[in-house]
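Enquirer: Numbering (our numbering), first residue to last: 470 to 703.
Take a look at the following structure, please.
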Ligand code: HEM
């Protein structure tokens, strides 16, 4: 890009930048976040936390963001029905431009997220970072771990292959009893042992309920991390 067009581009983007800064300041001033921003301003990462073991939460987050991005793409082409699931995955893998890459990156990122989160828990446990004042960060983390496993199991159901059978049996065995709860039992259809019900329920869990729930809990997790700072060295 030559100098003239770079100048024109930055001129065109200037009002957008100003609008962004104004909206951000508007939200901060009205949400009470102002005090929080002041409290946390200038906090730096301590030296001992530059150790790779302290980056595992971050690796988990990056893997999750990649999953969200590729998942959003795949959800546009996946068909959550007993007859259509396998066919739509076949189309994604063989005919859709970038489909094969999106699907492969999605499953690799899922493996990375699970391994990273387990190692993250191990690091937090070994360094005793779950102790006062970080008990809530730990308890919220346990819920994040449950959400991560539910993501994996509901994700396994979607391709309707031999692994789906394993996921349906595991989920109905562990959580099937929840379907007996009066009035709200239907919410737990993902734990049904009937294939059709399990597929529809798993799809909703995987693309709607779990993403919203995990994002909310992640926001709380990061708020608490920011509030307490990273725990001290061993
Ligand atoms: C989706 C899953 C998760 C993400 C993305 C995540 C992310 C993070 C990040 C970025 C940090 C900052 C320090 C670091 O990276 O080590 C952190 C700290 C922490 N996490 Fe997680 N985490 C997750 C799950 C969990 C789980 C399952 C637990 C425990 C059961 C947990 C407990 C904690 C605690 C106690 C800290 C504070 C550690 C300290 O101050 O040294 N997290 N998390």
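Using N, Cα and C, we set each Cβ at its ideal position, and we do this for glycine too.
Computed from a predicted structure; not experimentally measured.
In this structure, does DSSP put residue 663 in helix, strand or coil?
Expert: Residue state, collapsed to three classes: coil.
Enquirer: Hey, how far is the Cα of residue 632 from the Cα of residue 675?
Expert: If I take the Cα positions, the gap works out to 16 Å.
Enquirer: Mind checking residue 512: buried by the 16 CB within 10 Å criterion, or exposed?
Expert: Under this definition residue 512 is an exposed residue.
Enquirer: Roughly how many whole angstroms lie between the Cα atoms of residue 644 and residue 637?
Expert: Cα to Cα, residue 644 sits roughly 10 Å from residue 637.
Enquirer: Could you compute how far the alpha carbon of residue 653 sits from the alpha carbon of residue 667?
Expert: Going from the Cα of residue 653 to the Cα of residue 667 covers about 16 Å.
Enquirer: Please tell me whether, using a cut-off of 8 Å, the distance from the CB of residue 692 to the nearest non-hydrogen atom of ligand 1 is below it.
Expert: Outside the cutoff, so no.
Enquirer: Whether or not the stretch 602-622 and the stretch 538-554 are in contact is what I'm after, with contact meaning three or more pairs of Cβ atoms, one per stretch, closer than 8 Å; do they touch?
Expert: With a cut-off of 8 Å, the stretch 602-622 and the stretch 538-554 do not count as touching, because too few Cβ pairs lie within range.
Enquirer: Go ahead and label residue 477 buried or exposed: buried means 16 or more other beta carbons lie within 10 angstroms of its beta carbon, across all protein chains shown.
Expert: Exposed: under 16 other Cβ atoms inside 10 Å.
Enquirer: Does any heavy atom of ligand 1 sit closer than 8 Å to the C-beta of residue 586?
Expert: Yes, since a heavy atom of ligand 1 falls inside the 8 Å radius drawn around the Cβ of residue 586.
Enquirer: Taking 9 Å as the threshold (C-beta atoms), are residue 581 and residue 528 in contact?
Expert: The answer is yes: Cβ separation under 9 Å.
Enquirer: Between 630, 473, 526, which has its C-alpha nearest residue 558's C-alpha?
Expert: Of the listed residues, the one whose Cα sits closest to residue 558 is 630.
Enquirer: In three-state DSSP terms, what is residue 600?
Expert: Note: residue 600 maps to coil in three-state DSSP.
Enquirer: Should residue 683 be counted as a contact of ligand 1 given a C-beta to heavy atom distance under 8 Å?
Expert: Yes.
Enquirer: Taking only heavy atoms of ligand 1 into account, decide whether any of them is closer than 8 Å to the Cβ of residue 618.
Expert: Checking every heavy atom of ligand 1 against the Cβ of residue 618, none is found closer than 8 Å.
Enquirer: Which stretch, first to last residue, makes up the alpha helix (DSSP H) that contains residue 516?
Expert: It is not in any alpha helix (DSSP H) - residue 516 carries neither H nor E in the DSSP assignment.
Enquirer: Under 8 Å, with one C-beta from each stretch per pair, do the stretch 533-545 and the stretch 596-614 reach the 3-pair mark?
Expert: The answer is no - the stretch 596-614 does not touch the stretch 533-545, with fewer than three Cβ pairs under 8 Å.
Enquirer: Please list, in chain order, all residues of the same chain as residue 700 whose beta carbon is under 7 Å from its beta carbon, the five residues on each side excluded.
Expert: Excluding residues within five positions, the ones whose Cβ falls inside 7 Å are 596, 598, 603.
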